[in-house]
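Visitor:
Residue numbers (the working numbering): 2 to 217.
Okay, structure coming up:
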């Protein structure tokens, strides 16, 4: 069976440019923010690479299934042939007909697959690029004021983040990775759109001269 380099690296998003918005009369440049971080150090990229190293990539099956079933609904700029590459790769990885070998060549369509995984729409919200409340490589808890702290999307993403943290602290307990991916698969299957920007959900921090989520 073919072996390829399946390790993830940072990649740009596969969506239309988010454009600009207005917060309290200030024009702001918008971007897509991750709720669970994508970071190679603590986030979704790290999780993927960790299960590769620990030889438990089967843990990712729930999110691979969700991508196969829903990538056409994610609103990406990928053309149909590219989305088919994503489905084919996800299927091959899930079925173990495509395996990992460090330093090998990339499989066809790899960047498209990686973009979709790293930028799952249910883990994204549109907001100002320069925020007073930007958490960096941490869980973006401010989103609770936009999507609701008690809602299924927020609590499921909290679970993903918590299980990644637990796995990072004890790599022998690969069940944490399985639980993280089970919850991420739920988000990838049920939350098919990026949370849109609404200027009324943001306010201006006069001290930092930057916007922030109302309530944060």
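Ideal Cβ placement from N, Cα and C applies to all residues, glycine included.
So what does residue 110 bridge to, in DSSP terms?
Guide: DSSP output for residue 110 lists no bridge partner at all.
Visitor: Could you work out which residue in 172, 192, 170 is closest to residue 155 when comparing CA atoms only?
Guide: Among 172, 192, 170, the Cα nearest to that of residue 155 is on 192.
Visitor: With DSSP as the reference, please indicate the residues paired to residue 21 in a beta bridge.
Guide: BP columns for residue 21 point to 30.
Visitor: Would you identify the three-state DSSP class for residue 81, choosing helix, strand or coil?
Guide: The answer is helix: DSSP assigns residue 81 an H, G or I state.
Visitor: Who pairs with residue 9 in a beta bridge, going by DSSP?
Guide: In the DSSP output, where bridge partners are listed per residue, residue 9 has none listed.
Visitor: How is residue 138 classed by DSSP in three states: helix, strand or coil?
Guide: If DSSP states are grouped into helix, strand and coil, residue 138 belongs with coil.
Visitor: With a threshold of 16 other CB atoms inside 10 Å of the CB of residue 21, please say whether the residue is buried or exposed.
Guide: The residue in question, residue 21, is exposed, as its Cβ has fewer than 16 Cβ neighbours within 10 Å.
Visitor: Short of 7 Å in beta carbon distance, which residues of its chain neighbour residue 14, apart from the five on each side in sequence? Order them along the chain.
Guide: These residues qualify, in order along the chain: 33, 116, 120.
Visitor: Would you check if the distance between the CB atom of residue 2 and the CB atom of residue 100 is smaller than 9 Å?
Guide: Going by C-beta atoms, residue 2 is nearer than 9 Å to residue 100.
Visitor: Buried or exposed for residue 77, going by 16 or more other Cβ atoms inside 10 Å?
Guide: Result: buried.
Visitor: Quick one: give me the first and last residue of the alpha helix (DSSP H) that residue 49 is part of.
Guide: Here the alpha helix (DSSP H) through residue 49 covers 45–54.
Visitor: I need the DSSP call for residue 86, collapsed to helix, strand or coil.
Guide: It is helical.
Visitor: Between 52, 216, 205, which has its C-alpha nearest residue 29's C-alpha?
Guide: Of 52, 216, 205, the residue nearest in Cα terms is 205.
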